[in-house]
Amino acid sequence: MSQTEELRYEISRTINTLRRRYANTADEAERKTLLDTIASLNGKLSLLNQVSLLQAAQALTDATEDVRSVIAAARMGPFDGYLAAIEAHLNRLYSLSGEIHAFEGLPPAQEAAPAEDETVTPALARPHSPLRDLQPPLANTDFAQLKDEYQAWFDACEVRPAQQGSVDYYLKRLNLGQPTYAQVGEDLNGIPWYFIGIIHGMECGFNFNGHLHNGDPLTARTVHVPAGCPQGGSPPFTWRQSASDALTMKGFHEISDWSVPRILYLLEKYNGFGYRKRRVATPYLWSFSNLYSKGKFTQDRSYDPDAVSKQCGAALMLKSVLPAGGRGARRQVSRGGRRSRSTR
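The following block contains the structure:
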């Protein structure tokens, strides 16, 4: 059974459970929520054969929110195993979301140089201003050398009209998670909530049942790189425990410069600088924008110049949540009247 078929099957099972609940509850407010949720889930089913896997994952994430709403609406019995059944559906939907995202998401961009027989063509489409003034990405990993490039690209990037709906979805999920991201960031010396949220979207598809390190399930330590995390404590982990471990492991709690160029540098570094070795735009930052057309790592150390990312790039999310298109980003973050220890 394909992942899309599994998703259709689980949503159909969820709808059947909701219909049984509708027949057994006398609470009019709950009945209305059930009808609305059933209609919404049926709408998701009608879309699944027409969209990509990542778009299916988007529909799935919305479906889990629908299911959460009916759990909250269930105030009166008899429940007769209903709540347990809905929780089981919800857990399965979360699990499928993680599996789909892991299958279609961007793997790490290893920094290995291109193969000898690989043609590297540093090119950038420049059909009109401001793109014609941009240079291809530098084959460099030093922030001081890249700072101006990041700002210039950020200023020039725009959403491709055909991808606006997908970008809106990512922003919706990002903003829904803001309270949780803000709590974690405040605990870690003021890491901006949107920085944490963007990583969560890129690595986990905004699934709060996955490790921020790489999206692996919270029910165990991570299996994929970085494996064995968190090293302390015992599974299952809460999302906040895992997120704190992932962020401190990268040293983000020691950073005080949260300017746009620094954020973009840290995000690209999180995925890897392998695209720079080929002097092409990394989809981790620029996918769905006018600055990216194709080229991606399809698995570790395997680059396909014709493959196209199906994820929204981090830069578009960042540009949408910052005041004045990014000019309002904080340069220094302080806590308790003290500056952070480093400006890495």
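Counting the sequence shown from 1 gives a position; our numbering is that position plus 87.
Even for Gly, the Cβ is constructed at its ideal location relative to N, Cα and C.
Item                                                                                                          : Value
Residues that K383 bridges to, as DSSP identifies them                                                        : D391
Other residues of its chain near Y109: CB distance less than 8 Å, five sequence neighbours each side excluded : R118, L121, L122, I125
Run of the alpha helix (DSSP H) containing N129, from where it starts to where it stops                       : 115-134
For G288, three-class secondary structure by DSSP                                                             : helix
Spatial distance of A314 from A330 (CA atoms)                                                                 : 15 Å
Beta-carbon proximity check, S127 vs D153, cutoff 7 Å                                                         : yes
Alpha carbon of L372 to alpha carbon of A401, nearest angstrom                                                : 5 Å
Short Cβ contact (7 Å threshold) for L354 with Y237                                                           : no
Residues that DSSP places opposite P304 in a beta bridge                                                      : G297
Validate contact between the region 386-396 and the region 229-248 using beta carbons, cut 8 Å, 3 pairs       : no
Rounded straight-line distance, which links the Cα of N276 to that of E341                                    : 7 Å
Candidates G359, H287, G272, of which the one nearest S343 by Cα                                              : G272
Pair within 7 Å by beta-carbon distance, P195 and G319                                                        : no
Cβ neighbour criterion (16 or more within 10 Å) applied to Q398                                               : buried
Which residues DSSP lists as bridging S376, in chain order                                                    : V246
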